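Beneath this line is the structure, given in structure tokens, with notes to follow.
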Amino acid sequence: MFKILVPIDFSDSTDAACQYALNLTAGVPDAQLLLLHCFQDYLADGDPVLPSATDLTPSEIITEQVLHRNEIDAQQQLDELYHQVAEEARRSGSKVKIERTFISGFPEDEILEQARRFKPSLVIMGTKGQKDFSRSLFGTITTKVLGDLKVPLLTVPQEYAAGPIRKVLYATDFDKADVAAIEAVLELLQPFQASTYCVHISTDDQEHDREKLLALQEQLRQNASSTHIQFSLLEGGEVAKTLQEFVHQESINLIALTNRERNLLDEILHPSLAKKLVLTAAVPLLIFHSKK
């Protein structure tokens, strides 16, 4: 069964993530879509052992009442979104099974826990996109989840208008997991018959990189569905910038890449390409995971 987990926060990016999930499941007969909202109870987070109501001050009682009302409002919003997404799926003729889950807790923790329980094929999250670039690379839930998630993560910028997936770019850094990731991309997007580009940005030894790209191409030739991939070696000092220029020039609809597991110091000094693109890419980003 093809299962998608969609964490939502009712922002504009929620609509983009839900629409993209519906597009991916449209032609899948046994797809399942789980909408997840994590309600953060700040009062409980600050003090896990709450006092009884008689021990609370008037201002604390008001705070507790406001939080309770906010929780009820969030549950109602989730119900409304669920019915909206289900109705849109019904109108489009999709057979996807849609469910919803409401959980209290820290979003980054609960998303990872729900991913362990639900065992999705894919997690889809909306992002602020280019408008949010000024925020810290560690300042969003999406980038926090990225480091620990064990299944592929697909991020969708809130400004992105969902449509047919016609051109896909896989950005390779010659990771050992590239072959499996590219084959997974081809399988996922098979219903769309999208053109696939495999690109490496060379910042140093182009001849050596060209040999590696040819070796990757030879590995992929063993898979019949991989024979139509277009391979390109690009030169550029800034990898993220060069990639996005290629995306714009070729009208790419989706970027895919493998994110290497790295230590904390590496992440602080040299944030990964995946994290940079999560906050700046104008198109959806599909991220696979590889260990060091």
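For what it's worth, the numbering used here labels the leading residue of the sequence shown as 250, then goes sequentially. Backbone N, C-alpha and C fix where the C-beta goes; we use that ideal spot for every residue, glycine too. Please read all numbers here as calculations on a predicted model, not as lab measurements.
Beta carbon of ILE536, beta carbon of ASN502: below 7 Å?
-> Cβ atoms of ILE536 and ASN502: not closer than 7 Å.
Exposed or buried, ARG349, counting other C-beta atoms within 10 Å across all chains shown (16 or more means buried)?
-> Note on ARG349: 16 or more other CB atoms within 10 angstroms of its CB, so buried under the neighbour-count rule.
Simplified DSSP state of GLY388, which is helix, strand or coil = For GLY388, the predicted model reports a pLDDT of 39, less than 50, meaning its position is unreliable and no value from the coordinates is stated.
Given 8 Å, three or more beta-carbon pairs between the region 432 to 448 and the region 476 to 488 = Yes: the two stretches touch, three or more of their Cβ pairs being nearer than 8 Å.
Just checking, does the region 256 to 264 make contact with the region 282 to 289 on the three C-beta pairs under 8 Å criterion?
-> Contact between the region 256 to 264 and the region 282 to 289 is present: 3 or more CB-CB pairs across the two stretches fall below 8 Å.
What are the partner residues of PHE351, as DSSP defines its beta bridges?
-> As DSSP reads the structure, PHE351 sits in a beta bridge with HIS286.
State the start and end residues of the unbroken beta strand (DSSP E) segment that holds ILE536.
-> ILE536: member of the beta strand (DSSP E) spanning 534 to 539, first to last residue.
Where does the unbroken alpha helix (DSSP H) through LEU435 begin, and where does it stop?
-> Where LEU435 is concerned, the enclosing alpha helix (DSSP H) starts and stops at 427 to 437.
Cβ-based neighbour list, VAL394, same chain, cut-off 6 Å, excluding 5 preceding and 5 following | Contacts found: GLU357, ILE360.
Within the chosen definition, does the region 263 to 282 reach the region 402 to 414 through at least 3 CB pairs nearer than 8 Å?
-> Segments in contact, yes.
Could you check if PHE495 is buried or exposed, using at least 16 other CB atoms within 10 Å of its CB as the buried criterion?
-> Its Cβ being crowded by 16 or more others within 10 Å, PHE495 is buried.
Which value, in whole angstroms, describes the spacing of the CA atoms of ASP397 and HIS538?
-> Roughly 9 Å separates the two Cα atoms.
Is the distance from the Cβ of LEU271 to the Cβ of ALA338 below 7 Å?
-> Yes. Within cutoff.
Going by beta carbon distance, what residues of the same chain come within less than 6 Å of PHE251, once the five residues before and after it are set aside?
-> Once the five neighbours on either side are set aside, the close Cβ partners of PHE251 are VAL277, ALA280, SER370.
Grouping DSSP H, G and I as helix and E and B as strand, with all else coil, what is THR274?
-> Residue state, collapsed to three classes: helix.
Mind checking whether SER343 and ALA426 have CB atoms under 7 Å apart?
-> Going by C-beta atoms, SER343 is not nearer than 7 Å to ALA426.
What span of residues does the beta strand (DSSP E) with HIS449 cover, start to end?
-> If you look at HIS449, you'll find it in the beta strand (DSSP E) that goes 444 to 451.
Where ARG470 sits in the DSSP three-state scheme | Coil.
Could you check what DSSP says for PRO369 in three-state terms: helix, strand or coil?
-> Here DSSP, grouped into helix, strand and coil, assigns PRO369 to coil.
Which stretch, first to last residue, makes up the beta strand (DSSP E) that contains GLU230?
-> A question about residue 230 goes unanswered here, because the residues of the chain that appear run from 250 up to 541.
According to DSSP, what are the bridge partners of LEU361?
-> In DSSP, LEU361 forms no bridge with anything.
Check GLY295 in the structure and name its three-state DSSP category.
-> Bear in mind that the predicted position of GLY295 carries a pLDDT of just 43, short of 50, making it too unreliable to give a figure here.
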